[in-house]
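Respectively, the protein sequence lines represent chains L and S. The first sequence begins at 1038 in the numbering used here and counts up one residue at a time. The second sequence begins at 1038 in the numbering used here and counts up one residue at a time. Note that beta-carbon positions come from the ideal geometry of N, C-alpha and C, so glycine has one too. Bear in mind the structure is a predicted one, so any value in this text is a computation, not a measurement. Notes follow the structure.
Number of protein chains: 2
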Amino acid sequence: MAEDRRVRRTRAALQEALLSLMAEKGYDKITVQDLIDRADVGRSTFYLHFTDKSDLLQDALSQLGLMLGTQDGSGSPTARPGPPAASRHSPTTRPDRRRPVRFSLPMLLHVQEQQATARALLAPSGTDAVRSGMERMLTGVVTEELQALAAVSAPPRVPLDLVAAGVVATFMAVLGWWIADDFARPAQEVDAAFLTLVAPGIRAAIPPPPVQD
Amino acid sequence: MAEDRRVRRTRAALQEALLSLMAEKGYDKITVQDLIDRADVGRSTFYLHFTDKSDLLQDALSQLGLMLGTQDGSGSPTARPGPPAASRHSPTTRPDRRRPVRFSLPMLLHVQEQQATARALLAPSGTDAVRSGMERMLTGVVTEELQALAAVSAPPRVPLDLVAAGVVATFMAVLGWWIADDFARPAQEVDAAFLTLVAPGIRAAIPPPPVQD
DNA sequence: TAGTTTCTGAACACACTGTCCATAACAAGA
DNA sequence: TCTTGTTATGGACAGTGTGTTCAGAAACTA
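Pasting the structure below:
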């Protein structure tokens, strides 16, 4: 069942080359030549495994569990390093106005665990593909949470998808700020700041039901 | 004082080619060959005026008044179409807790005036350069407003630059949502939604002074 | 060991970039 | 109108990167 060891080694070498090069020069400036030099594999070998530079990126991302519901789940059937817990929650927990979204702290902790990788992927030198993949994933999670909240609230004053977009955008901004700050503050403090910024707006956009027992 | 007419025509043709091609295929996929074909100028002519594809983009942006405080003001000494009024305001107006930021509506109106261009530049097919240029500009404006507010408030519970980053990110998200929605709703409504999302968070992050006459 | 799969290196056609230069087209003043 | 300086032109050029192909070497599986 285990794949050929050569295959595993080649793919791993290329993925590691990608990450280390991203940390050094940024995704855009990496060439296939750079990758195969760093990974020490033949040119044809690269194209035997990946169609593209971006194909390699997709693969690396899915292995890291940073892309989750994004596109088809091709890549990691076993999900090696495990995605953040927030994405697995069932909507069984009752929504709480005090804390209208719950994804943020687990997500921050997960990112913190992978500091080096996160820095390489999400730094300004990183590519759109990463950010937008992560945004898509977060939008799914947040939309779910907001729908649960809206289900027990008065009709939203702002379209739900717009609220979700705003929340996700703010989260990405907070995340970028944290990374740029070298993870200097504890995740809990960053999470609190995020909620301070975002929660009152959510409460205003999705107001409590008018009269309820 | 007027430049050589040939120069003006060449530059205008290239800029128009850039914008129309961006609307069609997205900035990244445009090649210099595409540009000179569309503009019908010689290859060497292009490099006589611009060092680069991105150089042309910078020039086009400054002509459009979309980049404002960004970098040096090289390009439009006369500022043809006029930047949004928000960037010109003196900090003479007293900050108002009810409406902690004022930049949004003028900015939305300005974007709406240039619908076609805005769509080409800010659509997902657009480039990072545009978005990040606009973000930088907005961050300056927002920071100024928040500082004015903080000057008459209790110490902020969240670092001011983080608040600014969050506000700008939300605004960009709202703007993207509006554009994707084909400007279907009036700017005033979009502005109201933006403020609903953002204002309560700002008030929470920058609380009123404890005891004041 | 034999048989299969994967890796390799080199060569190839192709696309895009930026530079260069001799010549042609143009603008503006005498 | 003629002259002078500036700008545009097309084509050729070297340089870099991409993605493909192929025959032989190497590594793996059983």
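Check                                                                                                              : Outcome
Closest Cα partner of Ser1057 (chain S) within the set S:Ala1187, S:Ala1153, S:Gln1149 and S:Leu1146               : S:Ala1153
CB contact check: Gln1108 (chain L) to chain S, cutoff 8 Å                                                         : Residue placement at Gln1108 (chain L) is flagged as unreliable, the pLDDT there being 34, under the threshold of 50; a coordinate-derived value is accordingly withheld.
Proximity to Phe1208 (chain L) [Cα-Cα], best of S:Trp1215, S:Leu1199 and S:Ile1216                                 : S:Leu1199
Gln1095 (chain L) - DSSP class collapsed to helix/strand/coil                                                      : helix
Assumed close pair Arg1240 (chain L), Thr1233 (chain S) - CB separation to whole angstroms, cut-off 8 Å            : That pair is no contact at about 10 Å.
Any C-beta of chain L under 8 Å from that of Met1209 (chain S)                                                     : yes
Pair within 8 Å by beta-carbon distance, Gly1163 (chain L) and Tyr1084 (chain L)                                   : no
Cutoff 8 Å; reference Ala1202 (chain S); Cβ partners in own chain excluding five residues on either side           : Thr1176
Asp1089 (chain S), DSSP secondary structure in three states                                                        : coil
Buried versus exposed, by CB contacts within 10 Å (16 or more), Thr1047 (chain S)                                  : buried
Reduced DSSP category for Phe1220 (chain S) - H, G, I as helix; E, B as strand; rest coil                          : coil
DSSP three-state assignment for Pro1143 (chain S), whether helix, strand or coil                                   : helix
Helix, strand or coil at Pro1237 (chain S) [DSSP, three-state]                                                     : helix
Residue-chain proximity (Thr1176 (chain S), chain L), Cβ-Cβ < 8 Å                                                  : no
Secondary structure of Ile1073 (chain S), DSSP reduced to three states                                             : helix
Under 8 Å between C-beta atoms of Ala1229 (chain S) and Arg1156 (chain S)                                          : no
Length of the line joining the Cα atoms of Pro1245 (chain S) and Val1204 (chain L)                                 : 24 Å
Where the alpha helix (DSSP H) through Lys1062 (chain S) begins and ends                                           : Arg1042 to Lys1062
Interface partners of Asp1165 (chain S) on chain L, CB under 7 Å                                                   : Asp1165
Asp1065 (chain S), DSSP secondary structure in three states                                                        : helix
Three-state secondary structure (DSSP) of Val1227 (chain L)                                                        : helix
Three-pair Cβ contact test at 8 Å for the region 1178 to 1192 of chain S versus the region 1219 to 1228 of chain S : no
Integer-rounded CB distance, given that Leu1055 (chain S) should sit under 8 Å from Val1078 (chain S)              : Going by Cβ atoms, the distance from Val1078 (chain S) to Leu1055 (chain S) rounds to 12 Å, so no, they are not a contact pair.
Beta-carbon spacing of Leu1098 (chain L), Val1044 (chain L) below 8 Å                                              : no
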